[in-house]
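Worksheet: the structure to be examined is printed underneath.
Numbering (our numbering), first residue to last: 47 to 363.
Written out as structure tokens, the structure reads:
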């Protein structure tokens with residue numbers, strides 16, 4: 047070791063002694079500080095936009111926002127920077143939005159096995175119509191029920207199959223075939239087949255930010271497919287009435303502001319209807335509202351509904 051190296055080592059040792067910390071302990075704390083803490087999240091009565099046309103109805107939600115990249119934090123301006131881990135939630139999606147998910151994401155590839163999907167409710171069942179792309183765009187119709195799988199996905203159990211208005215399921219059974227052989231889902235993200243059933247994975251079919259959680263119950267209610275994630279909800283840390291999106295602990299960034307040990311609640315300015323929120327346009331929603339700072343430097347942001355922005359800018363309420 048040369049003189050310069052010895053001098054540097056002695057300086058580091060002296061600084062460590064003066065700080066009252068052993069070198070190993072200092073390194074350990076630095077490593078711990080580099081590990082991000084997930085942001086706790088709670089939502090109530092939110093119409094959440096994944097895109098302009100793909101909207102889900104969040105009745106309630108509890109979970110965490112977890113950074114997707116090592117050593118990073120949650121950044122609202124980058125919806126690929128985090129995922130939503132659900133511990134308990136009730137989320138509904140309209141059949142029109144679900145068919146947008148299918149056409150824009152699940153079956154968007156040029157070689158997708160199904161095209162032009164439409165989805166409609168039929169009592170407690172779903173009707174799925176479309177075209178078999180590799181069968182000369184043969185029109186088909188599936189009717190079936192929804193149930194959760196043991197691993198938390200959604201099973202569409204096919205009870206009736208029609209092709210060009212002719213019953214097809216009996217013919218498939220007669221030939222020893224099933225829906226899995228008719229529709230190849232090997233290259234389709236978020237969808238697999240099991241004999242006459244289709245298996246949907248909510249973690250993969252929606253655009254980012256991706257949701258992660260186990261579906262424990264699913265039902266058709268009116269025009270909506272209602273999914274229950276996890277078990278019964280825990281205590282509401284937001285302690286507020288009305289419609290909101292609340293975040294606490296961990297670090298998060300939105301615009302030029304970074305909150306450490308976050309304490310942020312976005313509140314619906316008009317709680318008479320669901321809080322309409324679109325992450326891609328959240329800046330406009332914040333600008334149309336106002337904010338208050340709490341005694342502990344938390345932030346309460348009263349936010350305009352996304353679907354009312356145009357009305358507000360033209361002078362309406």
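Cβ coordinates follow ideal geometry from the N, Cα and C atoms, glycine included. Predicted, not measured: the structure shown is a model, and the values here were computed from it.
The Cβ atoms of residue 254 and residue 289 lie no closer than 8 Å to each other. Fully contained in the region 219–288 are the following beta strand (DSSP E) runs of length 3 or more, in chain order: 237–240, 243–246, 261–267 and 270–276. Of the other Cβ atoms in all chains shown, 16 or more fall within 10 Å of the Cβ of residue 293; this residue is therefore buried. Beyond the five residues adjoining it in sequence on each side, residue 94 comes within less than 7 Å, by CB distance, of 101, 102, 104 and 323 in the same chain, given in chain order. Between residue 111 and residue 83, the beta carbon gap of about 10 Å keeps them out of contact (Cβ cut-off 8 Å). Annotated three-state conformation of residue 90 is strand, per DSSP. Taking C-beta atoms as the reference points, residue 85 and residue 308 count as a pair closer than 8 Å. Going by beta carbons, residue 245 and residue 261 fall outside the 8 Å limit.
For residue 315, the secondary structure class from DSSP, reduced to helix, strand or coil, is coil.
CA-CA distance, residue 188 to residue 208, rounds to 7 Å. In the three-state reduction of the DSSP assignment, residue 341 falls in the coil class. When 297, 201 and 155 are compared, the shortest CA-CA separation from residue 179 is found for 155. According to the DSSP secondary-structure assignment, residue 145 is paired through a beta bridge with no residue. DSSP places residue 131 in the strand class (E or B) of the three-state scheme.
Using a Cβ distance threshold of 8 Å, residue 264 and residue 167 do not count as a contacting pair.
DSSP places residue 177 within a strand segment (E or B) once states are collapsed to three. Taken through DSSP and simplified to helix, strand or coil, residue 125 comes out as coil. By the neighbour-count criterion, in which a residue is buried when 16 or more other Cβ atoms sit within 10 angstroms of its Cβ, residue 336 is exposed.
Exclusion of the five residues before and after residue 235 leaves 250 as the residues of its chain whose Cβ lies within less than 6 Å of its Cβ. Residue 196 carries a coil assignment under DSSP once its states are collapsed to helix, strand and coil.
With fewer than 16 other beta carbons inside 10 angstroms of its own, residue 267 counts as exposed.
The C-beta distance from residue 191 to residue 175 rounds to 17 Å, too long to meet the 8 Å contact threshold. With a cutoff of 8 Å on beta-carbon distance, residue 334 and residue 310 are scored as not near each other. Taken atom to atom, the span from the alpha-carbon of residue 241 to that of residue 206 is near 13 Å.
Classified as exposed, residue 303 has fewer than 16 neighbouring CB atoms from the shown chains inside 10 Å of its CB. Bridge pairing for residue 111: 85 and 130 [DSSP]. In the structure shown, the three-state DSSP call for residue 354 is helix. Membership of residue 161 in any alpha helix (DSSP H) is not indicated; the residue belongs instead to the beta strand (DSSP E) covering 160–168. The C-beta distance from residue 90 to residue 115 rounds to 29 Å, too long to meet the 8 Å contact threshold.
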